[in-house]
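Have a look at the structure below, then the notes.
2 protein chains.
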Amino acid sequence: MRQVGSVLWPKLRTLQIYGANTGVGKTVVSTLLLKRLKKHLPDYDVRYVKPVSTGPLTEADNRGVLSKTLYQFDEPLSPHIAARTAKEPIDDQSILLRLDEELSSYASGKDGFVVVETAGGVLSPAPSGNTQADFYRPLRLPVSLVGDHKLGGIATTISAWESLHVRGYDVGSVMLFEESRYDNHTYLKDYFADRGILTVSLPPPPAPATSLSDDEKQMSQYYADACTVPALERVITQALEAHTTRLTQLQSLPARAEKTIWHPFMQHTERTERNILAIDSAYGDYFQTYQSLPPSESQTRQRFERESHVLKPAFDGSASWWTQGLGHGNPKLALTAAHAAGRYGHVMFGGAAHEPAVGLAEMLLRNVGNPRLSRVFYTDNGSTGMEVAVKMALKAASKRYGWDAGMERGEGRGDQVRILGLKGSYHGDTMGTMDCSEPSVYNRKVEWYKGKGHWFDFPLVKMKEGKWLVEPPQGMEDVFGPPQEFENLDQVFELPDRGAVAEKYERYLKNELERLAAQGIKFGALIMEPVILGAGGMLFADPLFQHTLVKVVREHAPSLYQTQGPTTEQPDELSWRGIPVVFDEVFTGLYRLGRFSSSSFLQTAPDISVHAKLLTGGLLPLCTTLASESIFDAFLSNDKTDALLHGHSYTAHAVGCDIAKFSLQTMMEMDRGGKWNGFKKQWAIPTTGISGLRGKRATVATALAENWSMWSKDFVTEISYEEKVESLFALGSVLAISMKDPAGSGYTSTAATGLRDQLLAGTDVADSVIHSRVLGNVLYLMASMTTTRETLESIEEVVKAAIK
Amino acid sequence: MRQVGSVLWPKLRTLQIYGANTGVGKTVVSTLLLKRLKKHLPDYDVRYVKPVSTGPLTEADNRGVLSKTLYQFDEPLSPHIAARTAKEPIDDQSILLRLDEELSSYASGKDGFVVVETAGGVLSPAPSGNTQADFYRPLRLPVSLVGDHKLGGIATTISAWESLHVRGYDVGSVMLFEESRYDNHTYLKDYFADRGILTVSLPPPPAPATSLSDDEKQMSQYYADACTVPALERVITQALEAHTTRLTQLQSLPARAEKTIWHPFMQHTERTERNILAIDSAYGDYFQTYQSLPPSESQTRQRFERESHVLKPAFDGSASWWTQGLGHGNPKLALTAAHAAGRYGHVMFGGAAHEPAVGLAEMLLRNVGNPRLSRVFYTDNGSTGMEVAVKMALKAASKRYGWDAGMERGEGRGDQVRILGLKGSYHGDTMGTMDCSEPSVYNRKVEWYKGKGHWFDFPLVKMKEGKWLVEPPQGMEDVFGPPQEFENLDQVFELPDRGAVAEKYERYLKNELERLAAQGIKFGALIMEPVILGAGGMLFADPLFQHTLVKVVREHAPSLYQTQGPTTEQPDELSWRGIPVVFDEVFTGLYRLGRFSSSSFLQTAPDISVHAKLLTGGLLPLCTTLASESIFDAFLSNDKTDALLHGHSYTAHAVGCDIAKFSLQTMMEMDRGGKWNGFKKQWAIPTTGISGLRGKRATVATALAENWSMWSKDFVTEISYEEKVESLFALGSVLAISMKDPAGSGYTSTAATGLRDQLLAGTDVADSVIHSRVLGNVLYLMASMTTTRETLESIEEVVKAAIK
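Here is the structure:
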């Protein structure tokens, strides 16, 4: 499948003409512009394209340039109605592909300028029924808006501009007819100048003459006269300059970034201008990337002279660091953000309440499926949300067990209370959350890092040569037994069926806890990423092990710790037991693994859970820490200093909360509406059962899998046999491929970088490329929750071709 | 001055009719609606108001309800042109006040419904030239939009809705005439249903008859027939339900928040439904707050029955936790956010570059006025930005001085390297930044807190009884001398003139450093909030002391610390010397104190500076940590694990970066354009000099003060004499009043809460109230950078009245 992306050629300038309304003279203005272009740029190849035209063809002869209409409907109706008469439905993709081809055919070594005219107003429906501005958005052509000179035209022109603006278009100029009575142009010139947009007025065409031939004559004269006004030249100059600026900015982005930006998670000795990815825009699942710079200046010039365009769609294979849910450049997200900004801006949250924050809290508590959770604390990102979780859990434990005596004195206590966790965990980059993980490449060289916990090894789930395995950690076969093999992923999650193994896990964990308790260590929390440990290397933990660990700390902890406090009993059913259990669902929650909450996979309910990333559908930072009433109660007293004295300036900012409400609502509706059923069916388990009246044995598929992935089962199975692949897994929108590395796995392995580079360079099977991230020897790919099977299929093809 | 705010009466329903364009039948539709209202709600007092009308009065008789036009222009032109003929200019505020009064006069114990019709389209200019939707925004009345049934009307209707939506309006319904050829209503019904908006079509009016009397007759018939369609009832029902929902939601917000929200910085035993501030919306400098609930249910009912409206404007006196720059509900911020969302969404920043991030980095480095700074690291809030700053500084020091040997082994080192700072500092809520402050109420009860530094006492700047003083800390008069008195604030900042005191400071600090070094403590950074220490209690530090501290650590540090590394020399002029100097400008920077960077007050340049809060004009979270090349270089090696392995999912999110670019640009233009000159003049120092040819001695004012405040000098001086006031200061948009507390100052003092509560309850001198925050015995007020003198004057009046 060809991927339509944003187009940009060094020598071919494009300008898309939108109208603030129908009947504002789009075609007359386009004709004037084209005539002026011919005059002003005599050496240019000047073209005109009308992708979709309704009503009788007019003005064609007058333009004096090569013109093309791609789809023509005779009736002067909105294209979505006119299209009903077409023999076959015309989808957006087909028109865009044809337009892309048409434009590409104009791009040559020669300078060119092509005017692309739209039909109707900015949001008039395209043949498919999608609005014009949404339909054309993937190309993101630079725009000149024909304003409305009539009574009311100030309003329609500004609103039309706003509709383009919120969809990420660059509107460089507004052209409209001069009209002295309403004087719209005077108002609009000032209004748009304030927003950096050139506005020009043009002489209005004459009133229609009584005879057709007179009309033709007077229009001909009008064009000849009107096209000489300097205003048109200003529009052309603006378009040429904007084109050059866009190219120059894009071309210079890597060098400018190299000079000013300190990139996250990067060893900058490895950074050069050439390996910085310059992004012009993004839409749906794809970045629009500027192609990396050629090495020398002469080659740079050469690039600018060749015909192929300089933007390439790159599949956002990390879902922009695991955040994307509803696609890039989503106008609904943009409008939701703008509405909250328009209604509230940001209002401080100290002792305050507003509907976005309270409504979101209620929505989370209602849907997270955990009866323990009753309180929502807002922060800005997963790391700060986890800081809060740690503060909550340790305080609750310290208070119940009396470890907090005398805390108000002295310089603080540092690490007297520790946490339990899993090896390879990652909970954020702030130092408090770093201290929740064992020493690793991430934290070891941070001056103030000090691991404050004990971390268990655990068995991993993976697919190898078509089989699902649960593998014990190296050297622990004696404790956990040999690798377990499963027919399918659902069996791995059938925890009650795995009792024998559960007993082994429980015995081991209980012994370990006793050993640690004997050393006098106090533990104040169990902290885990449920199911998949993300930044630690995409480790799929055996859900039975995680389930058992929760069980063990809840059942055995109180007797194991040096409890001196007045209360060691759990006050009620929903209160925390043993030690508070914290689930870091920042990455795994909110449908990333296919379910609202990832704790449901573990058939257990944490006392605190943290949610971010997908929370805002992939637009901007927000995080929520959910806690149970018994955690909340631990901070109650008559002393203000016992409170959780934490809060960020933009706590519960209305824009983030409203975006989150919209995103969660959308994903829940997708789930309930069966939007992912295609994926779920694919992963359904063929079961052998009695089918039909005749009692004939047959293989029937369970309707929908509970543990499913957007990545296809056949693809995953096929890849698992590849020689370079050690193992892999897919769950929800996540695919993680461990590449074999004789030198060992881990963050510093380079076993996966070859595949990553190959995917970014492109393959023969597609014209788009894949941008992916690696974690040591693991290459992972992640989709948005709106990515289609067709798109994923094309990505799977590329991966298969690259991995062979 | 009366403050126009959003209006909401329990029994009076309002509905504002906007038109998607002129000529869409707003008046006809309003008339139909009014007729139906009379029928459907016979007991209601139904009214019609047209605040501004142009063209001849029509339809008035047909409405059959009490109608009122507030401003009438005869010409059927856009109001901004029609208004040119008016005797005197009609400003927005006057019209809104008159409309507010008019509406208030309808509110009574009786149920009522008032239809407010606008003029022209959604963004047609009001008499002042402001657009309708912007002009009416402070009232934020619920809206029904009259859609456009004509060709192209789908586009104009949706765009009009988007313009209302991004301005924070609640559009509940769309009404438009049925038109079978273009069939706009069918398309729009689906489109808006998907967005939760009711769309109905109405029978179109007949074509104008040939005679006026026939026309009247047929319109009369039309109204009689058409007003019976069920569609109108649905619109009315929607409006009634939306009104009830809004009231119910607002009324229930405190209770719902009480149940689900864990508030920041709050001891929840002190929280009740009654002290949670419910915010309906915000505009400019004001929250629109729901009045707190009366105690009993019967009283609640009573409240709902009385006529006064239930929203009250409350001045956002904490600038929403120090974030506000360009006012709440700013449509330009909303559109900028939406544009970035439409163009990019969020694109991951690992090794990537996009114009918003790179452009913002360049803008910051260009304007911060510090030649040392060359690199920008992005995070999400001040706390995470400071975590990064600490990691940067400690690593640079450890590397240069060879303290990092063997760090890759073991469990981390915790606190072997410490920081220097000031007492009362506050750098954020994450545990790493908490460790940068001395033990205090904020951090002492956090289980993992451990203060990792040494913090100096310092002299404070304050105004007392009209005089500026620099007071040494208690018990340190012997070291720093007695309090110093100054004629004006500028003298305090004339650092070179204060040489004698500087010597005292230097001697003291050098001795202290030597004493600490003798204890074998290694210091890796000096971390300070320049000029004002915020959360620690709004402490105005003597700039000379901060200046001298930087000088001392730069000049004396290398010889004092146990330097074992190969390099103890500063490689070049711009490299850090002694130890890295970090300025936490999160609160004080970016014009909060009147200047782009607050380090300029100290006449020194830090090696790292952190900027947030005002960075995004007060809309959403973003933070930048700026660093010098020599700090950056400390992380370079051939080993990836030497890199700064820090980064958040939404690092450098495009929405935040574009908003920040817009906000900084706007504030810089305000500065350059002299928007604050009124404030600056006020604080200018009368100097005695020779004026004019005659050589006569006269008092002439320095044109513009360099150290100025938006709060007036007279007001500040007057308050400084108040008996309850210990001292105060004003700088930039910050005013901080220390109240006398015999029990001592500090976070747990309640000396300022009385004043806070009084300001929120309201006074006789104004009908709006002031929402403010206290820090112990300090009540502070903070304005946006767009707040006008008139607004501040009204606030000053209230404060004066309350403080007496």
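Here the protein sequences line up with chains A and B, keeping their order.
So in UniProt numbering, spot 102 of the first sequence is number 102, and the numbers just go up one at a time.
So in UniProt numbering, spot 614 of the second sequence is number 614, and the numbers just go up one at a time.
Backbone N, C-alpha and C define an ideal beta-carbon position, used for all residues, glycine too.
None of the values given here were measured: they were computed from a predicted structure.
Item checked: Cross-chain neighbours of residue 167 of chain B in chain A, by beta carbon under 7 Å -> 342, listed in chain order.
Check: Residues of chain B with a CB under 8 Å from the CB of residue 254 of chain A: which are they?
Finding: Result: 353.
Checklist line | Residues bridged to residue 284 of chain B [DSSP beta-bridge criterion] | finding: DSSP output for residue 284 of chain B lists B:328 as bridge partner(s).
Next item on the list: May I ask you to report which of helix, strand or coil DSSP gives residue 13 of chain A?
Entry: The answer is strand: DSSP assigns residue 13 of chain A an E or B state.
Check: The beta strand (DSSP E) with residue 354 of chain B in it runs from where to where?
Finding: For residue 354 of chain B, the uninterrupted beta strand (DSSP E) run begins and ends at 352-354, by DSSP.
Check: Can you tell which of A:541, A:634, A:640 and A:454 has its C-alpha closest to the C-alpha of residue 553 of chain A?
Finding: With distances taken between CA atoms, residue 553 of chain A lies nearest to A:454 out of A:541, A:634, A:640 and A:454.
Checklist line | Burial state of residue 212 of chain B (16 or more Cβ within 10 Å) | finding: Looking at its Cβ environment, which holds fewer than 16 other Cβ atoms inside 10 Å, residue 212 of chain B is exposed.
Notebook entry, point to check: Going along the chain, which residues of the segment 380-402 of chain B sit with their C-beta nearer than 8 Å to a C-beta in chain A?
Noted result: Answer in chain order: 380, 381, 382, 383, 384, 387, 390, 391, 394, 395 and 398.
Checklist line | Cβ-based burial, residue 430 of chain A [other Cβ within 10 Å; buried from 16] | finding: Within a 10 Å sphere around the beta-carbon of residue 430 of chain A sit 16 or more other beta-carbons, which makes this residue buried.
Note to self: Quick check on residue 375 of chain A - is its C-beta less than 9 Å from some C-beta in chain B?
What the structure shows: Residue 375 of chain A has a beta carbon lying within less than 9 Å of a beta carbon in chain B.
Notebook entry, point to check: Counting only beta-carbon atoms, is residue 796 of chain B nearer than 9 Å to chain A?
Noted result: The Cβ of residue 796 of chain B sits no closer than 9 Å to any Cβ of chain A.
Notebook entry, point to check: Starting from residue 669 of chain B and walking both ways along the beta strand (DSSP E), at which residues does that stretch end?
Noted result: That residue, residue 669 of chain B, is in no beta strand (DSSP E); its alpha helix (DSSP H) goes 654-672.
Note to self: Check whether chain B comes within 9 Å of residue 786 of chain A, counting only Cβ atoms and requiring the distance to be less than that.
What the structure shows: Chain B contact via Cβ: absent.
Check: If you drop the 5 nearest sequence neighbours on each side, which residues of the same chain put their C-beta closer than 6 Å to that of residue 289 of chain A?
Finding: The answer, listed in chain order, is 277, 279, 312 and 314.
Next item on the list: Below 8 Å on the Cβ atoms is my guess for residue 646 of chain B versus residue 316 of chain B; work out the distance and round it to an integer in Å.
Entry: That pair is no contact at about 33 Å.
Margin query: Output needed in chain order: residues of the segment 257-272 of chain B with a Cβ under 9 Å from some Cβ in chain A.
Written below: Taking 9 Å as the Cβ-Cβ cut-off, the segment 257-272 of chain B approaches chain A at 257, 258, 259, 260, 261, 262, 263, 264, 265, 266, 267, 268, 269, 270 and 271, given in chain order.
Checklist line | Short Cβ contact (9 Å threshold) for residue 7 of chain A with residue 100 of chain A | finding: The Cβ atoms of residue 7 of chain A and residue 100 of chain A lie closer than 9 Å to each other.
Next item on the list: Return the first residue and the last residue of the alpha helix (DSSP H) that residue 266 of chain A is part of.
Entry: No alpha helix (DSSP H) contains residue 266 of chain A, which DSSP labels as neither H nor E.
Checklist line | is_contact[residue 791 of chain A, chain B] using C-beta, thresh 9 Å | finding: At a cut-off of 9 Å, the C-beta of residue 791 of chain A has no neighbouring C-beta in chain B.
Check: Going by C-alpha distance, which of B:3, B:172, B:84 and B:333 is nearest residue 663 of chain B?
Finding: Relative to residue 663 of chain B, the option among B:3, B:172, B:84 and B:333 whose CA is nearest is B:333.
Next item on the list: Identify whether residue 320 of chain B lies in helix, strand or coil by the three-state DSSP scheme.
Entry: Looking at residue 320 of chain B - three-state DSSP - the assignment turns out to be helix.
Next item on the list: Using three-state DSSP, classify residue 444 of chain A as helix, strand or coil.
Entry: Here residue 444 of chain A sits in coil by DSSP.
Next item on the list: Identify every run of the alpha helix (DSSP H) within the segment 562-647 of chain A, keeping only runs that are complete inside it and at least 4 residues long; order them along the chain.
Entry: If we require 4 residues or more, the alpha helix (DSSP H) runs fully inside the segment 562-647 of chain A come out as 629-633.
Margin query: Can you find the residues in the same chain that come closer than 6 Å, C-beta to C-beta, to residue 254 of chain A, ignoring five residues on each side of it along the sequence?
Written below: Shown here for residue 254 of chain A: same chain residues with a beta carbon closer than 6 Å to its own, the five before and five after excluded, namely 273, 276 and 278 in chain order.
Margin query: Between A:71, A:47, A:624 and A:45, which has its C-alpha nearest residue 56 of chain A's C-alpha?
Written below: Per the Cα distances, A:71.
Next item on the list: Take the Cβ of residue 482 of chain A as the centre, count every other Cβ of all protein chains shown within 10 Å, and call the residue buried at 16 or more, exposed below.
Entry: Classification of residue 482 of chain A: exposed, given that the 10 Å Cβ count is below 16.
Note to self: Let's see if you can read the secondary structure: which residues bound the alpha helix (DSSP H) around residue 431 of chain B?
What the structure shows: Where residue 431 of chain B is concerned, the enclosing alpha helix (DSSP H) stretches over 431-434.
Notebook entry, point to check: Fully enclosed by the segment 72-126 of chain B, which alpha helix (DSSP H) runs are 4 residues long or longer?
Noted result: Whole alpha helix (DSSP H) segments, 4+ residues: 79-82 and 92-106.
Item checked: Ranges of the beta strand (DSSP E) found wholly within the segment 769-803 of chain A, counting only runs of at least 3 -> 769-771, 773-775 and 778-782, all fully within the segment 769-803 of chain A.
Margin query: Taking 9 Å as the threshold (beta carbon to beta carbon), is residue 548 of chain A in contact with chain B?
Written below: Answer no: the Cβ-Cβ gap between residue 548 of chain A and chain B never drops below 9 Å.
Notebook entry, point to check: Apart from the five residues just before and just after residue 626 of chain A, which ones in its own chain have a Cβ nearer than 6 Å to its Cβ?
Noted result: Same-chain partners within the cutoff: 373, 376 and 609.
Item checked: Within 9 Å of chain A by C-beta, residues of the segment 103-123 of chain B in sequence order -> Within the segment 103-123 of chain B, 120, 121, 122 and 123 place their CB atoms closer than 9 Å to a CB of chain A, listed in sequence order.
Margin query: 9 Å is my cut-off, CB to CB: does residue 744 of chain A come that close to chain B?
Written below: Residue contact check for residue 744 of chain A against chain B: no CB pair falls below 9 Å.
Item checked: Contact set for residue 384 of chain A: own chain, Cβ-Cβ below 8 Å, skip 5 residues either direction -> A distance below 8 Å between beta-carbons, with the five flanking residues on each side excluded, links residue 384 of chain A to the following residues of its chain, in chain order: 428, 430, 623 and 648.
Next item on the list: Specify the secondary structure class of residue 380 of chain B as computed by DSSP and reduced to three states.
Entry: In the three-state reduction of the DSSP assignment, residue 380 of chain B falls in the coil class, being assigned neither a helical nor a strand state.
Note to self: 9 Å is my cut-off, CB to CB: does residue 511 of chain A come that close to chain B?
What the structure shows: Answer no: the Cβ-Cβ gap between residue 511 of chain A and chain B never drops below 9 Å.
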